[in-house]
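In my numbering, the protein residues as written are 1 to 106.
Where a beta carbon is used, it is the ideal one built from N, C-alpha and C, also for glycine.
Nothing here was measured: the structure is a model prediction, and the numbers come from that model.
Okay, structure first, notes after.
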C-alpha cells in the first residue's frame, strides 16, 4: 500500500518517479481514516491524483509564460543539465555533457 510506504518524494528523484506515485495512487481504493481529533474522513486517491495533475498544469502554464523571457543561453544550460540528469537516471554516462562550454554564465 502506498500510504504504508517508507519511501519519500523529497528532493531529487529518478526520472519517472512522479508518474509511479500517481499510478500507485490510482490503484488504491478510497478508504475511511480516523483523524487525530477522533472524527472520520474519506480519503479518495483518485481525487488526490486530479488535484496533483491540476497543480502540475498550473505550474506548466506559469512556466510557459515565463520561459520566453529567459535568454537562449540560459535555456541551453538548463537543457544540458536536464539531459544529464535523465541520462544518469537511465544509467547512461553523461560525460559528453561535461565538455560543453558554459562561457558567459558567471
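Of the choices the options, whose alpha-carbon is the least far from that of residue i?
| i | options | result |
| --- | --- | --- |
| residue 22 | 82, 50, 41 and 39 | 50 |
| residue 29 | 15, 36, 44 and 35 | 44 |
Measure the CB-CB distance between residue i and residue j and report whether it falls below 9 Å.
| i | j | result |
| --- | --- | --- |
| residue 46 | residue 24 | no |
| residue 32 | residue 38 | no |
Could you tell me the alpha carbon to alpha carbon distance between residue i and residue j, rounded to whole angstroms?
| i | j | result |
| --- | --- | --- |
| residue 58 | residue 18 | 16 Å |
| residue 64 | residue 70 | 11 Å |
| residue 84 | residue 90 | 10 Å |
| residue 81 | residue 73 | 13 Å |
| residue 35 | residue 56 | 28 Å |
| residue 15 | residue 78 | 16 Å |
| residue 75 | residue 68 | 10 Å |
| residue 88 | residue 48 | 30 Å |
| residue 62 | residue 52 | 15 Å |
Would you say residue i faces chain C, with C-beta separation under 9 Å as the test?
| i | result |
| --- | --- |
| residue 74 | In the displayed structure, chain C is absent; only one protein chain is listed. |
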